[in-house]
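In what follows, a structure is listed as structure tokens, so that the remarks can point back to it.
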Amino acid sequence: MNSTSSIFANVNNIPMLNGTNFKKWKEHVIIVLGCMDLDYALREDCPPDLMSASIAEQRFAMEKWERSNCMSLMIMKHSIPEAIRGAIPEETRAKTFLDQIANRFTANEKVKTNTILSKLVSMRYKSPFKISYNKQKEKWTLNELIAQCVQEEERLKQEKIESAHLASTSQGFGTSKKRKRDNKGKQTTFSRTSAKGAEETR
Numbered sequence: 001m002n003s004t005s006s007i008f009a010n011v012n013n014i015p016m017l018n019g020t021n022f023k024k025w026k027e028h029v030i031i032v033l034g035c036m037d038l039d040y041a042l043r044e045d046c047p048p049d050l051m052s053a054s055i056a057e058q059r060f061a062m063e064k065w066e067r068s069n070c071m072s073l074m075i076m077k078h079s080i081p082e083a084i085r086g087a088i089p090e091e092t093r094a095k096t097f098l099d100q101i102a103n104r105f106t107a108n109e110k111v112k113t114n115t116i117l118s119k120l121v122s123m124r125y126k127s128p129f130k131i132s133y134n135k136q137k138e139k140w141t142l143n144e145l146i147a148q149c150v151q152e153e154e155r156l157k158q159e160k161i162e163s164a165h166l167a168s169t170s171q172g173f174g175t176s177k178k179r180k181r182d183n184k185g186k187q188t189t190f191s192r193t194s195a196k197g198a199e200e201t202r
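full-length UniProt numbering puts the first residue of the sequence shown at 1, with every later residue one more than the last.
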């Protein structure tokens with residue numbers, strides 16, 4: 001019972017695969033399969049088909065690979081949403097199945113990178129680049145450049161939000177002050193009218 005609970009706990013620790021967490025998902029899959037001693041099919045290719053003359057060692061290797069392959073496929077598919085799983089060709093070998101997923105998400109990452117670069121090329125900043133660094137580098141890798149530009153873009157968005165909030169607050173303050181002045185003016189007019197009426201009565 002404890003063994004079954006441990007298996008379910010390990011499997012449930014694998015996050016559901018989505019469009020942004022492939023690396024994290026793969027790391028969890030490999031760790032879980034390794035802890036369960038089921039990663040043999042990911043490390044080794046399928047052994048040759050057994051023959052009638054195959055020795056016991058070959059039969060043991062085949063049984064170990066088949067069990068690892070079957071369980072690995074089940075565990076990986078369990079943590080992949082049906083929408084993503086349906087877009088991946090059916091595969092009977094866990095190692096090939098994992099490679100297909102990796103290739104698909106690597107292609108998506110390249111498309112995303114190209115999209116970001118296209119935006120950066122066409123983007124014009126009205127304010128200077130304000131992100132500071134402890135060390136200026138002569139050369140930046142692509143990932144470093146994208147990370148810094150994304151950080152700068154987030155900073156500009158935050159400044160825009162703060163400016164809009166400040167403008168909204170200022171407008172509200174001005175309207176409130178105007179209302180107070182209007183109310184004060186009405187009260188003064190009322191007081192003068194009342195005083196004039198009192199003098200006529202006398």
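Just so you know, even glycine gets a beta-carbon here, dropped at the ideal spot from N, CA and C.
- Fewer than three beta-carbon pairs drawn from the stretch 12-30 and the stretch 49-69 are found closer than 8 Å, and the two stretches are therefore not classed as touching.
- Using a Cβ distance threshold of 8 Å, Leu38 and Ser79 do not count as a contacting pair.
- For Ser72, the enclosing alpha helix (DSSP H) starts and ends at Ala56 to His78.
- Taking 8 Å as the cut-off, the beta carbon of Ile101 is found closer than this to the beta carbon of Ile88.
- Non-local C-beta neighbours of Val11 in its own chain, meaning closer than 8 Å and more than five positions away in sequence, comprise Val32, Ile75, His78 and Ser79, ordered along the chain.
- Secondary structure note for Ala41: its alpha helix (DSSP H) is the uninterrupted segment Tyr40 to Arg43.
- In this structure, the straight-line span from the alpha carbon of Ser52 to that of Gln58 is close to 11 Å.
- The closest CA to that of Gly19, considering only Ser54, Cys46, Arg85 and Pro47, is found on Arg85.
- Scanning Glu159, Cys149 and Ala94 for the CA closest to the CA of Cys46 turns up Ala94.
- Boundaries of the alpha helix (DSSP H) around Glu82: Glu82 to Arg85.
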